[in-house]
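Undergrad:
In our numbering, the protein residues as written are 53 to 282.
#1: Residue 96: which of 257, 152, 83, 126 sits nearest, CA to CA?
#2: For the 8 angstroms Cβ check, are there 3 or more pairs between the segment 125-139 and the segment 182-199?
#3: Rounded to the nearest angstrom, how far is the Cβ of residue 227 from that of residue 198, given a contact under 8 angstroms?
#4: Return the chain-ordered list of same chain residues with a C-beta closer than 6 angstroms to the C-beta of residue 75, the five sequence neighbours on each side being excluded.
#5: State yes or no: is the C-beta of residue 105 within less than 8 angstroms of the C-beta of residue 92?
#6: Pull up the CB-CB distance for residue 56 and residue 249, whole angstroms please, since I reckon it's below 8 angstroms.
#7: Since I believe residue 251 is in contact with residue 158 (beta carbons under 8 angstroms), could you give me their beta-carbon distance rounded to a whole number of angstroms?
#8: Could you say which of 162, 143, 119, 146 lies nearest to residue 256 if we only look at CA atoms?
#9: Provide the residue span of the beta strand (DSSP E) that contains residue 158, from first to last.
Structural data, given as structure tokens:
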């Protein structure tokens with residue numbers, strides 16, 4: 053069966069995962085992390101992609117983004133991926149591929165999954181046992197939303213502004229959501245839908261999304277097709 057094209061729909065949030073080939077490290081030191089952030093800032097601006105949340109792990113990365121155009125996200129990821137590999141290979145004296153195939157991405161429903169995806173992304177270093185608290189990990193957008201530092205890469209989504217009337221209220225409420233964390237079911241849904249390329253949301257969201265794309269949004273039910281009636 054032919055591989056489905058990646059799902060990209062303008063003006064909807066998308067969860068993105070890019071992994072290193074054979075789980076190898078794609079960031080070896082602070083300079084590598086900083087270079088990736090520089091490239092994301094440059095190409096997100098150029099391609100009109102709003103980056104709401106991110107985490108750069110040792111061998112993979114997560115993004116939550118909203119592209120203004122259907123071509124913005126693919127163009128951004130292609131440019132960032134190509135330029136980062138050129139930089140990485142030159143700096144570390146290596147050749148060949150760095151990525152595990154193409155990046156994975158899918159559209160998610162804002163109301164149900166945007167904040168959950170942000171907290172899911174923030175908690176990646178904690179789940180991996182790298183730190184005890186997300187604020188102890190430098191290479192994510194968590195500290196921006198807690199008021200601990202300003203991040204040039206970040207465009208704050210409307211659902212965050214709705215958390216409170218003042219910066220203190222929003223930062224405190226977001227901290228509570230991170231401490232609570234998404235449920236195991238939501239974590240699985242965010243991961244599986246992104247890796248498999250199926251849109252994530254309720255039936256009304258999927259129906260709305262289907263008006264914006266001809267690409268199939270959900271996996272069909274398994275089983276044989278019903279026999280034709282005579």
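Quick reminder that beta carbons are idealized off the backbone N, C-alpha and C, glycines included.
TA: Let me spell this out:
#1: Looking at the Cα atoms, 126 is the closest of the given residues.
#2: The segment 125-139, when compared against the segment 182-199, does not touch it at the 8 angstroms Cβ threshold.
#3: Indeed, because the Cβ distance is near 6 angstroms, the residues count as touching under 8 angstroms.
#4: The answer, listed in chain order, is 111.
#5: Remark: C-beta atoms of residue 105 and residue 92 do not approach each other more closely than 8 angstroms.
#6: At roughly 6 angstroms, the Cβ-Cβ gap stays under 8 angstroms, so residue 56 and residue 249 are in contact.
#7: Confirmed, Cβ separation roughly 6 angstroms.
#8: The shortest Cα separation from residue 256 among 162, 143, 119, 146 belongs to 162.
#9: Note, residue 158: beta strand (DSSP E), 156-159.
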